[in-house]
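**Student:** Please see the structure below; I have some questions.
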Amino acid sequence: MVAVSYKPFSVPSEYLERNARNMAGSSKERSLHWQRGKRGERMTVAELMHHNFDEIFIELDPVKREAMMRNAYTEDCVWIHPGGRLVGIAAINEAASEIRKHIPEYRYTVVGDIHTMHTVGICRWGSGLPGQPFRYTGTDVVEERDGRIAVFYTFIDSGTPPVSSTE
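When the sequence shown is numbered by my numbering, its final residue is 237 and no position is left out of the sequence of numbers.
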């Protein structure tokens, strides 16, 4: 039997610091993903997951969101979630637009470590209004291919996603 050790991946502190400034509205820096893309570098699975939560799924403008998705997702990306299965950037962007339309102020927060193994990452998250307890929580599993998200699964663990921010 071969012993295998697992360790959570650490996201670079500059990413977390920049994200904190972005959430506070005090940073005009480009995302880590954009910076790495310009240098021809790939993001790790953990960095892709943070990018998905912290930038892509909170973007209100569908055109900007789609541009970010094109840099972070494979063209044939699949998102499997409690509501169904979506294939392709356009379909996922449309679903994200519907989510943002109903709950534009909600944010997603990674809870704990993002665990990775080879090309797969898993993390727990919570969502709700900034500064408030989470309205619902979940777990995401992501598989990357060539430095982009190829498949991601979303499991809702507790609570119910609201229909609107006022609910």
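All C-beta atoms in this analysis are idealised placements derived from N, C-alpha and C, irrespective of residue type, glycine included.
Would DSSP call residue 227 helix, strand or coil?
**Tutor:** Three-state result, residue 227: strand.
**Student:** Candidates 139, 157, 204: which alpha carbon is nearest residue 177's?
**Tutor:** 204
**Student:** Using 8 Å as the threshold, is the stretch 214 to 223 in touch with the stretch 114 to 128, meaning 3 or more CB pairs across them?
**Tutor:** yes
**Student:** Alpha carbon to alpha carbon, what distance is there between residue 127 and residue 96?
**Tutor:** A caution first: residue 96 carries a pLDDT of 42, below 50, which makes its placement in the model too unreliable to give a value.
**Student:** Does the distance from the C-beta atom of residue 208 to that of residue 184 stay below 8 Å?
**Tutor:** No, the Cβ-Cβ distance between residue 208 and residue 184 is not below 8 Å.
**Student:** I'd like the span of the beta strand (DSSP E) that includes residue 187, first residue to last.
**Tutor:** 177 to 187
**Student:** Taking the beta carbon of residue 138 as the centre, do at least 16 other beta carbons fall within 10 Å, making it buried, or is it exposed?
**Tutor:** buried
**Student:** So, for residue 158: in the same chain, excluding its five sequence neighbours on each side, which residues have a beta-carbon less than 8 Å away from its beta-carbon?
**Tutor:** 145, 146, 147
**Student:** Anyone know if the C-beta pair for residue 191 and residue 212 falls short of 8 Å?
**Tutor:** yes
**Student:** Give the straight-line distance between the Cα atoms of residue 118 and residue 161, rounded to the nearest whole angstrom.
**Tutor:** If I take the Cα positions, the gap works out to 19 Å.
**Student:** Taking only runs of the alpha helix (DSSP H) that begin and end inside the stretch 134 to 178, which ones reach a length of at least 4 residues, in chain order?
**Tutor:** 159 to 172
**Student:** Name the DSSP bridge partner or partners of residue 198?
**Tutor:** 177
**Student:** Excluding the 5 residues preceding and the 5 following residue 94 in the sequence, name in chain order all residues of the same chain whose CB lies nearer than 7 Å to its CB.
**Tutor:** Low local confidence applies: a pLDDT of 47 at residue 94 is under 50, so the model's placement there is unreliable, with the coordinate-based value given in what follows. Here the set comprises nothing.
**Student:** If you draw a straight line from the C-alpha of residue 199 to the C-alpha of residue 188, how long is it?
**Tutor:** Each residue's alpha carbon lies about 33 Å from the other.
**Student:** Three-state secondary structure (DSSP) at residue 126?
**Tutor:** helix
**Student:** What does a CB cutoff of less than 6 Å around residue 72 pick up in its chain, not counting 5 residues either side in sequence?
**Tutor:** Since pLDDT at residue 72 reaches only 43, below the 50 mark, its modelled position is unreliable, and the value read off the structure follows with that caveat. Taken in chain order, the list of residues that qualify is empty.
**Student:** Suppose the cutoff is 7 Å on Cβ atoms and the five residues either side in sequence are ignored; what does the same chain contact list for residue 132 look like?
**Tutor:** 163, 167
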